[in-house]
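The structure under discussion appears below in the form of structure tokens.
There are 2 protein chains.
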Amino acid sequence: MSRKEISVLEDLLGSNKKIAAETRRLLEDRRILAINLMSSPGSGKTSLIEKIIEALHPQHRLAVIEGDIETELDAARIRAKGVAAWQITTGGACHLEARMIARVIGAIPAETEFLFIENVGNLVCPASYDLGENLRWVLLSVTEGEDKPKKYPKAFLTSQSLIITKIDLLSHLNFDLERVKREAKEINPNLSILATSAKTGEGISAVIQFLLNQRQKLLSRHA
Amino acid sequence: MSRKEISVLEDLLGSNKKIAAETRRLLEDRRILAINLMSSPGSGKTSLIEKIIEALHPQHRLAVIEGDIETELDAARIRAKGVAAWQITTGGACHLEARMIARVIGAIPAETEFLFIENVGNLVCPASYDLGENLRWVLLSVTEGEDKPKKYPKAFLTSQSLIITKIDLLSHLNFDLERVKREAKEINPNLSILATSAKTGEGISAVIQFLLNQRQKLLSRHA
């Protein structure tokens, strides 16, 4: 990259960081737990959110922001479950940015407890953009192969949790679950790892328990 | 984007196009058929190349360029099959660029017939960068869902072929093969579509026949 290109990129990331910090403060003030979900296309981000909605809605107040390059398909899936969803279409851009979230955040109802932000399907670029979330999750489906943490380290390095998806397919694949857990931990020793199937429901209750605990922690910080 | 950001991006893409055109001329002169493979992480690009190697090597001369953010894992897989492979690690960048290919191209043996360029696993950014290839293939595994052509149109719009992968898993999934073919054709009516399984070998012979035909066409253009 030329010096000019590097300086433009630094400006972009610097201003993104500032906007993300404001969003994080705002969400904390309102006691909203915000989760940024990142993964390859088709790893099951929307399906996981649907399962969480089935478990938590309507006892808990949820909201969803859907990031896509094109189409409102994912927001429509969420609304069909009775939960408010905001679609951000980036029109070509390969990731969400803090300013896109900041524009939507004012519309999120005050009593919201959990805000899920589904990033553009891309295991690379979203990892560089803080959106102001409290938690960052990287999803990896068992059909993608075990080598992904080593090949796409930034997504795993910047996330608090790795959610392994589609484990119902394990018996049809040569996927070494223990290897992927071990190699993900080598990149990020603090990563909490949960294995799930949106199809059979396996592992979903652990995800729900994790979310409830995290929201409780957020409330305690402000008690 | 600011005017400054847009101008930097235009400079980048303009210079990429120029370098790609030179590479294309060079490859044509040397009668090398170059295929740029794009897909999400884990759709099976390396596995497809391995199956092609099994069918064509050593009767035909093959070479492979592997693009990854980190690691030499994929080049090692290719070399284990007895084919020369060059690894480009982009060190964070989410796509290959023409200048990266141009630096390697001089090292490709003169008698090479087929050059496979495996792009970084990313269904978004690689679509914007011409590498100087003759053919662009987008891969989509049946585990990723049928909505991907609509959600990531540029990769499908700029490719000549869609290779659907992992069809051995179809019986375990709710994946509508006809729907994905139809919606991909809506985006790009000229797309040729091949369905494959690297595991069972289904559909691989059609890929091989397609490659041999395309190389024959390249030779005829220069007869």
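Chains as they are written, first to last, in my numbering: chain A, -7 to 215; chain B, -7 to 215. All residues carry an ideal CB built from backbone N, CA and C; glycine is no exception.
Could you pull the DSSP bridge partners for residue i from this structure?
i: I80 (chain A); result: A:G59
i: F108 (chain A); result: A:I27 and A:V56
i: V130 (chain A); result: A:M30 and A:L154
Among the options, which has the Cα closest to the Cα of residue i?
i: T81 (chain A); options: A:T63, A:A102 and A:G113; result: A:T63
i: K73 (chain B); options: B:E42, B:G84 and B:I27; result: B:E42
i: G36 (chain A); options: A:A26, A:L25 and A:R69; result: A:R69
i: G193 (chain A); options: A:Q208, A:Q152 and A:I156; result: A:I156
i: L211 (chain B); options: B:G6, B:R23, B:I(-2) and B:R17; result: B:R23
i: L4 (chain B); options: B:S133, B:L132, B:N166 and B:E89; result: B:E89
i: L162 (chain A); options: A:K191, A:R174 and A:K142; result: A:K191
i: H49 (chain A); options: A:K177, A:K173 and A:I200; result: A:I200
i: Y121 (chain A); options: A:T15, A:V96 and A:K9; result: A:K9
i: R128 (chain B); options: B:E2, B:A12 and B:M30; result: B:M30
i: A47 (chain A); options: A:F202, A:H214 and A:Q208; result: A:F202
i: N28 (chain B); options: B:P118, B:D21, B:G83 and B:R213; result: B:P118
i: L204 (chain B); options: B:I44, B:A12, B:D21 and B:I11; result: B:I44
Helix, strand or coil: how does DSSP classify residue i here?
i: E2 (chain B); result: helix
i: N180 (chain A); result: coil
i: T188 (chain A); result: coil
i: E64 (chain A); result: coil
i: R22 (chain A); result: coil
i: C117 (chain A); result: helix
i: Q206 (chain B); result: helix
i: N166 (chain A); result: coil
i: I93 (chain B); result: helix
i: S35 (chain A); result: coil
i: V199 (chain B); result: helix
i: K73 (chain B); result: coil
i: D160 (chain B); result: helix
i: P50 (chain A); result: coil
i: A147 (chain B); result: helix
i: E136 (chain A); result: helix
i: P101 (chain B); result: coil
i: L211 (chain B); result: helix
i: L88 (chain A); result: coil
i: E194 (chain A); result: coil
i: E125 (chain A); result: coil
Check whether the Cβ atoms of residue i and residue j lie closer than 9 Å to each other.
i: H52 (chain A); j: E105 (chain A); result: yes
i: N180 (chain B); j: F148 (chain B); result: yes
i: G137 (chain B); j: E136 (chain A); result: no
i: P158 (chain A); j: V130 (chain A); result: For the sequence presented, residue 158 (chain A) should be read as Lys rather than Pro. Contact flag unset, no.
i: E175 (chain A); j: K142 (chain A); result: yes
i: V112 (chain B); j: A85 (chain B); result: yes
i: L65 (chain B); j: D139 (chain A); result: yes
i: L132 (chain A); j: V75 (chain A); result: no
i: A55 (chain A); j: I100 (chain A); result: yes
i: A187 (chain B); j: L123 (chain B); result: no
i: V116 (chain B); j: I61 (chain A); result: yes
Do you know how far the Cα of residue j is from the Cα of residue i?
i: G98 (chain A); j: L19 (chain A); result: 10 Å
i: V216 (chain B); j: K(-4) (chain A); result: Shown here, chain B extends from -7 to 215; a query on residue 216 (chain B) therefore has no answer.
i: S151 (chain B); j: L183 (chain A); result: 37 Å
i: I57 (chain B); j: L107 (chain B); result: 8 Å
i: G59 (chain B); j: P145 (chain A); result: 15 Å
i: N114 (chain A); j: R71 (chain B); result: 28 Å
i: I93 (chain A); j: S7 (chain B); result: 33 Å
i: A198 (chain A); j: I185 (chain A); result: 10 Å
i: I196 (chain B); j: R95 (chain B); result: 31 Å
i: S39 (chain B); j: E14 (chain A); result: 45 Å
i: A178 (chain A); j: E178 (chain B); result: Note on identity: in this sequence residue 178 (chain A) is Glu, with Ala being the wrong assignment. Answer to the nearest angstrom: the Cα atoms are 44 Å apart.
i: E103 (chain A); j: D160 (chain B); result: 46 Å
i: I109 (chain B); j: S32 (chain A); result: 20 Å
i: K209 (chain B); j: R16 (chain B); result: 15 Å
i: R91 (chain B); j: E2 (chain B); result: 16 Å
i: R213 (chain A); j: R207 (chain A); result: 10 Å
i: N166 (chain A); j: N166 (chain B); result: 21 Å
i: L154 (chain A); j: D21 (chain B); result: 48 Å
i: A215 (chain B); j: A12 (chain B); result: 24 Å
i: G83 (chain A); j: H87 (chain B); result: 18 Å
i: Q79 (chain A); j: S189 (chain A); result: 25 Å
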